[in-house]
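Presented below is the structure to which this report refers.
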Amino acid sequence: MHYAMHFQLWDASTGQEFSQYSEHEKRAWSVDFSPVCPTKFASGSDDCTVKLWSISERNCLGTIRNVANVCCVQFSAHSSHLLAFGSANYSTYCYDLRNLRSPWCVLVGHRKAVSYVKFLDSETLVSASTDNSLKIWDLNKTSSAGASTSARSLTLAGHTNEKNFVGLSVADGYIACGSESNEVYTYYKTLPMPITSHKFGSIDPISGKETDDDQGQFVSSVCWRGKSNMLLAANSSGCIKVLQMV
1 MHYAMHFQLW DASTGQEFSQ YSEHEKRAWS VDFSPVCPTK FASGSDDCTV KLWSISERNC
61 LGTIRNVANV CCVQFSAHSS HLLAFGSANY STYCYDLRNL RSPWCVLVGH RKAVSYVKFL
121 DSETLVSAST DNSLKIWDLN KTSSAGASTS ARSLTLAGHT NEKNFVGLSV ADGYIACGSE
181 SNEVYTYYKT LPMPITSHKF GSIDPISGKE TDDDQGQFVS SVCWRGKSNM LLAANSSGCI
241 KVLQMV
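Here the sequence shown is numbered in UniProt numbering, starting from 1 and rising by one per residue.
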């Protein structure tokens, strides 16, 4: 994916571009494949739309029109019909893909743009925002009539995130995210504070050694290794670390 109106699909076995998709009218921020239907995927864009695709079709299968920029998209791993996306208007939207005209629910509670959403399980969602917080949502408490403010079950705070995309990854109830303090934070879904953190540091360009001077760097991406205690994290200077939670 580029910071542009189009994005590419690549064949990892050959390293060659497989296809290119270009129906968005502004920058595409996020692409996610459906775990249940792996030939289907969705993209979210600054043009205030989510587009649904199939790897066997060049044209999009459907379009969800939102009221603000779309920052992230995420399919549920438990249903082929459930899709969530975060928006610049501080809200998270959940759609039943059998009805693209209106959201199944709207989750309201963040004070800034929603940069990431992830499904913790079939009934629970976590969202990340540039308001320095993560929020846990109980999808059983949502309503299709207006904003579902009562669905928020917990707010997680401790990391710093006011501007950048810092990453979000979930596994077995554990939630990892980056921080603009150049740290990785790990939370558990039932606890409001971090259970652990790791200072990234930076590499001195002359000595090649790690220093504590982060020089304004931030952790920009995190990913759990499946259902394990291993975490891959990267920061804005291009440093990648493999971490183990003990």
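Every residue gets a Cβ at the ideal spot worked out from N, C-alpha and C, and that includes glycine.
Computed from a predicted structure; not experimentally measured.
Please list, in chain order, all residues of the same chain as ASP138 whose beta carbon is under 6 Å from its beta carbon, the five residues on each side excluded. ALA151 and SER153
Which one or two residues does DSSP pair with THR235 in a beta bridge? At residue 235 the sequence reads Asn, which differs from the Thr that was named. For ASN235, which the question treats as bridged, DSSP gives the partners VAL219.
Kindly indicate which residue of TYR185, GLU17, SER122 and CYS48 has the alpha-carbon position closest to the one of VAL73. CYS48
Return yes when the C-beta of SER221 is under 7 Å from any heavy atom of the ligand PLP, and no when it is not. The ligand PLP is not part of this structure, which contains no ligands at all.
Kindly indicate which residue of THR196, MET193 and SER34 has the alpha-carbon position closest to the one of LEU97. SER34
Nearest-angstrom beta carbon gap, CYS71 and ALA88 [assumed within contact, 8 Å]: 6 Å
Can you have a look at ASP172 and say buried or exposed, based on whether 16 or more other CB atoms are within 10 angstroms of its CB? exposed
Suppose you measure from the CA of CYS177 to the CA of GLU57; what does that come to, to the nearest Å? 34 Å
For LEU168 versus LYS199, is the C-beta distance shorter than 8 Å? no
Residue interval of the beta strand (DSSP E) (run including ASP47): Looking at the DSSP string, ASP47 is not in any beta strand (DSSP E), and its letter there is neither H nor E.
With a cut-off of 8 Å, does the C-beta of ILE64 fall near any C-beta of chain D? Checking the listed chains, one finds no chain D in this structure; it contains a single protein chain.
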